[in-house]
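Residue numbers (my numbering), protein chains in the order written: chain A, 1 to 202; chain B, 203 to 404. We treat Cβ as the ideally placed atom computed from N, Cα and C, and that holds for glycine. Every value quoted in this text rests on a predicted model; they were computed, and no experiment measured them.
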DNA sequence: CGCTTATTGTGCAGTCACTGCAAAATTGCA
DNA sequence: TGCAATTTTGCAGTGACTGCACAATAAGCG
């Protein structure tokens, strides 16, 4: 159903051009934010640099924030699918650690885009509200996936939502720690955080 | 330093009028949101119902969302102070459970305002992004307070931020569970959630 | 190739949140 | 009462975002 992330060539010219435009807008937004800071960038500029009209910008992204943070529906689906499938000897929390860490690591094809997204994310605290807003979508998708994985027993709904919410919050806490000049490398801190969650907090 | 929440009479006419205006705007916003839904309410309407100009609205609140969700700096300070002071036999997590539950419970003076805030909060999912945005402020204030309580040992910064972030995320998860028609009473679920966190997740 | 049809891009007009600025109204204080 | 500080307000402007109608373009078909 969903085109997997590696096949760029989903048939028609139409589809390809749409992806190119989306990507161009995405890159333009990241460029400009790096140059001038998020607040000083206008949607008009982003559209201009990507070579489309301002109106078209809003055909691709519902907001200025989305063009910078932009988790695509495809990405979302792929993360959800990864969580739904139970890997042997892996608890839900361990799956989440792996998947969420993967979202930050410039691993798959679009490593350029992801690396820059990450840099901006760590550097621009003013994006934090938009970031957490975006997380809601991720949280809902992952919660649904985990519910399916755990089956429909009573109490599972809350359990699933709680697990996902805490995992995302842990990653976000590490990012904010980083932004506030905290010590330690991001990945290392994330590992520490998940270990804490597994062991129980006081 | 900070006027505590019970003394309404902090001297002058000026101060009193400011509080009244703030409260009038707050109530007007809640009224209108209950009537028409958040998206359909304009700042102009809110100001009009409160009997002030649109421009004045923005002297009191930085955004439309803030008038609805509106955690005042005083509230923030009072929560932070409550967390900083260590109660005997209470772990940080237990303190957070008590304090965050108190934010939802219509306990102190302004029970009317708080009860309506809570009802709207549970009923209007479109406010979720604004809600989590607001949580950032709360999180930062509580993190700083917990850091002070725990002292300046290495690793405390991350530990404090993580604990606060997880506690807030737990409450939020329970709220969203409620919004999505999940089972159980809110307070009961929050208790369950905190017990889980203390015991460790899988 | 041409023609029809479904998408997609764009311009335009409009709404609304939000801001800076300067003048007017109000309050505090001597 | 009169002066100084603060608050309110109007005004003009910017910029995000939307609906709509129309132009441009790709897709499918004879």
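- Under the three-state reduction of DSSP output, residue 335(B) falls in the helix class.
- A residue is called buried when at least 16 other Cβ atoms come within 10 angstroms of its Cβ; residue 137(A) does not meet this threshold and is exposed.
- Neighbours of residue 294(B) in chain A, taken as residues whose beta carbon is under 7 Å from its own, are 202 in chain order.
- Note that the C-beta distance between residue 113(A) and residue 189(A) is not below 8 Å.
- Distances from the CA of residue 196(A) to each of 169(A), 180(A), 183(A) were compared; the closest alpha carbon is that of 169(A).
- Rounded to whole angstroms, the gap between the alpha carbons of residue 187(A) and residue 167(A) is 14 Å.
- DSSP places residue 235(B) in the helix class (H, G or I) of the three-state scheme.
- In this structure residue 382(B) is exposed. Its beta-carbon is surrounded by fewer than 16 other beta-carbon atoms within 10 angstroms.
- Residue 63(A) carries a coil assignment under DSSP once its states are collapsed to helix, strand and coil.
- For the 8 Å CB-CB criterion, residue 282(B) and residue 248(B) do not form a contact.
- Judged by DSSP in its simplified three-state form, residue 397(B) adopts helix.
- For a Cβ distance threshold of 8 Å, residue set 360 of chain B lies close to residue 189(A), ordered along the chain.
- Between residue 375(B) and residue 359(B) the beta-carbon gap is near 24 Å, outside 8 Å, which marks them as no contact.
- Spanning the alpha carbons of residue 28(A) and residue 42(A) requires a straight line of approximately 11 Å.
- The region 65 to 119 of chain A contains, as complete alpha helix (DSSP H) runs of 4+ residues, the segments 73 to 84, 92 to 104 (chain order).
- Here residue 84(A) really is in contact with residue 145(A); their C-beta atoms are around 4 Å apart, less than 8 Å.
- Annotation for residue 243(B): no alpha helix (DSSP H) segment contains it, and DSSP assigns it neither H nor E.
- The Cβ of residue 270(B) sits no closer than 8 Å to any Cβ of chain A.
- One Cα belongs to residue 104(A), the other to residue 303(B), and the distance between them is close to 33 Å.
- Interface residue (Cβ-Cβ distance to chain B less than 8 Å): residue 170(A) is classified as such.
- In the structure shown, residue 180(A) falls within a coil segment according to DSSP collapsed to helix, strand and coil.
- At a cut-off of 8 Å between C-beta atoms, residue 193(A) counts as an interface residue with respect to chain B.
- In the structure shown, residue 202(A) adopts coil according to DSSP, grouped into three states.
- A Cβ-Cβ distance of about 12 Å is found for the pair residue 234(B) and residue 318(B), leaving them out of contact under the 8 Å criterion.
- Fully enclosed alpha helix (DSSP H) runs of no fewer than 4 residues occupy 128 to 150 of the region 124 to 169 of chain A, in order along the chain.
- Per the coordinates, the alpha-carbon of residue 351(B) lies some 30 Å from the alpha-carbon of residue 135(A).
- At least one CB of chain A lies nearer than 8 Å to the CB of residue 334(B).
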